[in-house]
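Novice: In terms of mature numbering (1 follows the signal peptide of the UniProt record, and there is no 0), the sequence shown is residues -31 to -1, 1 to 541.
Let me begin by handing over the structure; questions about it come next.
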Amino acid sequence: MWWRRAQGRRPRTTRAVTAAATAFLVAVAGAACGAGDNASDSDRGDSGATAGLVRRLNMGDFGGGNAPQRNFNPFSPTALTTTFVYEMLFNINDYSCEVEPWLAESFTWESPTKLVVRTRKGVQWSDGKPFSAKDVAFTFNLFKKAPGLDRNGIWSALSSVTATSEDEVTFTFKEPSVPRFNQIADTRIVPEHIWSKESDPEKFTNPNPVGTGPFTVKSMNSQQLVLERNPRYWQADKVKVQELFFRKATGGAEVDKLRLQRGEYDWNAMFVPDIEKTYVAKDPKHNKYWFPPGANISLYMNLTKAPFNDVEFRRALTYAIDREEIKDKAQYGYVETASQTGLVLPGQKAWLAPDIENEGRVPYDPERAKQILADAGYQTGPDGKLRGKDGKPLPAFSFKVQNGWVDWIQAAQIIRDNLADLGITLNVQTPTPEIVDADRASGNFDMVFGVHGGGCNMYDAYRLPLHSAQTAPVGKPAASNFVRWRDARTDDLLDELAQAQEEEEQKRIVGELQKIMVEQVPVIPLWYGAQWFQYRTEKVVGWPSAEDPYAGPGDQLVIITRLRPNPEYRGD
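See below:
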């Protein structure tokens, strides 16, 4: 299966990392990550381990803004971190896209409109009450009762959710909804015996949460949150940490980076410039990081305009751009160059069509680009400028990039210089982010950057940027197909994919979509947005890494069950 949220962040040199300016760039660096812990050694309580447990891991911020309220409603946009308290039915691995049973043991699509899930037996809520399929049905029906909690809009597709036994729940949809599996799988399940008592669940702050997860809330105030190990957890034997300690961020991003350098975080996620020097070198034995690839950062061309409406011109551009230079100079060497297939590799290699050459990676080859252009009827004039098929010089094209997004601006400047070698003139413009977003949506551009894919929902990874239902005439805002790609074959494949129940059939269809990306070049993926992830091995080992990518940074529940005490650790 494939359904998962999209990921990827990009570094900033003029401001802190923020939410993406496009709907596709979803940060998943972790609910526990990205903030500050300014506890001193004396108040961290790290010394020693009891019964094979590490006393405490130091995390970052815990949500809620500068004045956090005690809100552990997992469906509330202002909730504090609940990642380690509530669990989902299935974990869909952020890196490999493999489906791992969690609160559920299995699922079956009996038809494209009927999903049957078997829940795990022997699971308890943290108050000792048994978990069952009834809690699952209750949770989803809660969204119907309180639409404000239905943040994914799942009831726009659902018809009913019914517990048919203590360990079986049936989801019935109004129309073929196989791509909705991600939303079903990833929903946090809450206990019926607690939440059924609430007359207004949308306002319920859930101050003392009861979950099935590995931790419960021990204490909380405006500056810190402490979670403690749940002894009733259904895989308690795998949890080797007694407490998770979160402290409110103070002092801004630069102070946070200093705290990271001082070893005050065991687990965090933030952009750090020159990380080998500023972080790893401070404690090479213990300070580690891994930045796995996330969403595609791509060159979007306005396909309603010449010459971008010519596939041969677009093919030439794929060879004309030096992705390695972008990676090294604009992206600090933190990212990997992207495959033209639209897949995020190597994690999604299982979905790669076997007949795609070189995994869809396009080499920098300006001479080949020139030859493709010449063969297609584009000639270089005596002034060195490229001429169109009509013999007239091509106009200068605009390349709009968000003001202040230094890494993207530098990448655009590299592309400008690359295309100048072909006789193509680009004017890099830097309007405000709001203007760029509006112009991209309305089609008021020649070139812009865009973000797409990056998750395991292959349907959305291709549907959002490519399905004609997602676009609009120039001058009107498109939902997500900003390049205005209209292709009946693409639409047919995506409509077929929406109903495909078997993985092999899904892979066949996705392979055909990859070929469209490679052969027709509707967009040009350039690099993958990095997922920030720093960790220390002083207290615990077993973290995911490039050498052992068993999980992505967003798979916190998987990670916490794989960590184990470092036998060399003796405490403070």
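Glycine included, C-beta positions come from ideal geometry on N, C-alpha and C.
(1) What are the boundary residues of the beta strand (DSSP E) that residue 210 is part of?
(2) Can you find the residues in the same chain that come closer than 8 Å, C-beta to C-beta, to residue 439, ignoring five residues on each side of it along the sequence?
(3) Rounding to the nearest angstrom, what Cα-Cα distance links residue 102 and residue 134 in this structure?
(4) When burial is assigned at 16 or more other CB atoms within 10 Å of the CB, is residue 361 buried or exposed?
(5) With distance defined between alpha-carbon atoms, name the residue in 305, 79, 287 and 368 nearest to residue 334.
(6) Per DSSP, what are the beta-bridge partners of residue 416 in this structure?
(7) Roughly how many whole angstroms lie between the Cα atoms of residue -4 and residue 260?
(8) Taking residue 306 as the reference, give the member of 181, 222 and 263 with the closest Cα.
(9) Using the Cα positions of residue 364 and residue 499, report the straight-line distance between them to the nearest angstrom.
(10) Taking buried to mean at least 16 other C-beta atoms within 10 Å of its own C-beta, is residue 419 buried or exposed?
(11) What is the DSSP secondary structure of residue 382, reduced to helix, strand or coil?
(12) So, at 6 Å on beta carbons, what are the nonlocal neighbours of residue 329 in its own chain, with the 5 sequence-adjacent residues on each side left out?
(13) Output the distance between the C-alpha atoms of residue 428 and residue 142, rounded to the nearest integer angstrom.
(14) Measuring straight from C-alpha to C-alpha, what distance separates residue 164 and residue 172?
(15) Between residue 216 and residue 193, how many whole angstroms is the CB-CB distance? I'm expecting something under 8 Å.
(16) Where residue 528 and residue 505 are concerned, what is the direct C-alpha to C-alpha distance, given to the nearest angstrom?
(17) Would you kindly work out how many angstroms separate the C-alpha atoms of residue 76 and residue 139, rounded to a whole number?
(18) Write down every uninterrupted run of the alpha helix (DSSP H) in the stretch 305 to 380 whose length is 4 residues or greater and which is fully enclosed by it, in chain order.
(19) Measure how close the beta-carbons of residue 177 and residue 421 come, nearest whole angstrom, since I'm counting them as under 8 Å.
(20) Got a sec? Which residues, its chain only, sit under 7 Å from residue 289 by beta carbon, not counting five neighbours each side?
(21) Measuring alpha carbon to alpha carbon, tell me which residue in 426, 468, 25 and 35 is nearest residue 220.
(22) What are the boundary residues of the beta strand (DSSP E) that includes residue 134?
(23) At which residue ranges does the stretch 470 to 539 contain complete alpha helix (DSSP H) runs of 4 or more residues, listed in the order of the chain?
(24) Checking 9 Å against the spacing of the C-beta atoms, do residue 120 and residue 44 come in under that value?
(25) Using the three-state DSSP reduction, which class does residue 77 fall into: helix, strand or coil?
(26) Exposed or buried, what is residue 50 when buried is set at 16 or more other beta-carbons lying within 10 Å of its beta-carbon?
(27) Is the beta carbon of residue 484 sitting closer than 9 Å to the one on residue 325?
(28) Is it right to say residue 531 is buried, meaning 16 or more other beta carbons lie within 10 angstroms of its own, or is it exposed?
(29) Could you say which of 370, 278 and 118 lies nearest to residue 48 if we only look at CA atoms?
(30) In three-state DSSP terms, what is residue 410?
(31) Taking Cβ to Cβ, would you say residue 295 is nearer than 9 Å to residue 71?
(32) Between residue 533 and the rest of its own chain, which residues show a CB-CB distance below 8 Å, the 5 nearest in sequence each way excluded?
(33) Bridge partners for residue 93 per DSSP, in chain order?
(34) Please tell me whether residue 252 and residue 239 are closer than 9 Å, where the distance is taken between their beta carbons.
(35) If you follow the alpha helix (DSSP H) that residue 153 is in, where does it begin and where does it stop?
(36) Pairing CB atoms from the stretch 266 to 274 with CB atoms from the stretch 409 to 418, are three or more of them under 8 Å?
Specialist: Considering the structure as presented:
(1) 210 to 216
(2) 432, 433, 447, 448, 449 and 450
(3) 7 Å
(4) exposed
(5) 287
(6) 270 and 368
(7) Residue placement at residue -4 cannot be trusted, given a pLDDT of 29 that sits under 50; what the coordinates show is reported in the next sentence. Spanning the two alpha carbons is a distance of roughly 12 Å.
(8) 263
(9) 35 Å
(10) buried
(11) helix
(12) 308, 309, 310 and 487
(13) 17 Å
(14) 12 Å
(15) 5 Å
(16) 13 Å
(17) 10 Å
(18) 335 to 344
(19) Wrong, their Cβ atoms sit about 41 Å apart, outside the cutoff.
(20) 335, 338, 387, 388 and 391
(21) 35
(22) 127 to 134
(23) 472 to 489 and 525 to 529
(24) yes
(25) strand
(26) buried
(27) yes
(28) buried
(29) 118
(30) helix
(31) no
(32) 209, 509, 510 and 511
(33) 99
(34) no
(35) 150 to 155
(36) yes
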